[in-house]
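1 is the number of the first residue of the sequence shown in full-length UniProt numbering; add one for each residue after it.
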Amino acid sequence: MEGTGALTDYMNVAQMTLYAFWLFLAGLIVYLRMEDKREGYPLQAEANENCNRTPEKKLGFPAPPSPKTFKLADGRSIQVPRAEKTDYELNTQLRAAPTAPWDGAPLEPTGNPMVDGVGPAAWAKREDEPEVTHAGNQKIAPLRVATEFEVGMSRDVRRFWPQLDPDPRGDQVLGCDGTVAGKIVDIWVDRGELRPMYLEMDLSGVGSSSDRVLLPINFARVGYDGKVRVNAITGKQFTDVPRLRESDRISPQEEDFITGYYGGGVLYAVPGRTEPFL
């Protein structure tokens, strides 16, 4: 009896289809592994006695692909892997030292971890130009620039509807130690996601634009008593918050610096936070 779809006595169309699928799947896996190596490679093995205390660079299989050019919405183009980012990641010296001689030992900061980007204060190498929306507007901007946004209700109206969200402008900012660090003077909003991103603080108390820093909204607790409380850092540590190059613009790189500083404060701001709970 002859089989339907038989090519030879030992092969048929179903077998060939299965083999073709296996070849396609293997090729797809290799292709995806190559594409995901456009960032983060070469890997650096930890320094140990087997590599003379010099980090070993590993590419693995398959090797990273050749550079690919991507055209951005704002007209610029970038190549990945990006040579400047790879050089930064390979040549930047981490200001921390292992607490033990074996591989995988915890790292202990050797300087100011909140500024040096160690542990929860770490940042990534990102674009150093402000993001824009599809309409070409600056994506994250203060209300003095993003005039199409406004805070819903004034303080007088909130006396009758206390359940409404408070307007933090004019409120004092308190650090985790209860000291006053400054006051809120503006709110930065994300035009793309329609939400507040940062509170702008005046540290001088006299309205000077040269002594202003940003406070990520997720690290702030805005109260109805005219106070904004920050548990991440102390009042004095606000003076070391990374500053912006331009007063009305922020880049993704600056966002990482600022958020990393507050994130590092959650662990490093007060000495006791790095110690065991019990």
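Cβ coordinates follow ideal geometry from the N, Cα and C atoms, glycine included. Just so we're clear, the structure is a prediction, and the values are computed from it rather than from any experiment.
- Going by beta carbons, residue 126 and residue 216 fall outside the 7 Å limit.
- Exclusion of the five residues before and after residue 226 leaves 171, 172 as the residues of its chain whose Cβ lies within less than 7 Å of its Cβ.
- Residue 252: member of the alpha helix (DSSP H) spanning 252-268, first to last residue.
- Closest in alpha carbon position to residue 240, among 250, 229, 223, 212, is 212.
- The C-beta of residue 30 has fewer than 16 other C-beta atoms within 10 Å across all chains shown, which makes the residue exposed.
- Annotation: residue 219 to residue 27 spans about 46 Å, alpha carbon to alpha carbon.
- Residue 229 sits in a strand when the DSSP states are folded into three classes.
- In this structure, residue 58 places its C-beta atom within 7 Å of the C-beta atom of residue 42.
- For residue 29, the uninterrupted alpha helix (DSSP H) run begins and ends at 13-35, by DSSP.
- DSSP lists 173 as the bridge partner or partners of residue 182.
- Residue nearest to residue 254 within the set 263, 244, 262 is 244 (criterion: CA-CA distance).
- Assignment of residue 146 by DSSP, reduced to helix, strand and coil, places it in the coil class.
- Membership of residue 115 in any beta strand (DSSP E) is not indicated; the residue belongs instead to the alpha helix (DSSP H) covering 113-116.
- Spatial neighbours of residue 95 in its own chain (CB-CB distance under 7 Å, excluding positions within 5 residues in sequence) are listed in chain order as 109, 110, 111, 116, 118.
- Residue environment analysis places residue 128 among the exposed positions, since fewer than 16 neighbouring C-beta atoms fall within 10 angstroms of its C-beta.
- In the structure shown, residue 271 adopts helical secondary structure according to DSSP, grouped into three states.
- Under the DSSP assignment, residue 68 falls in the beta strand (DSSP E) whose first and last residues are 68-71.
- If you draw a straight line from the Cα of residue 124 to the Cα of residue 250, it is about 16 Å long.
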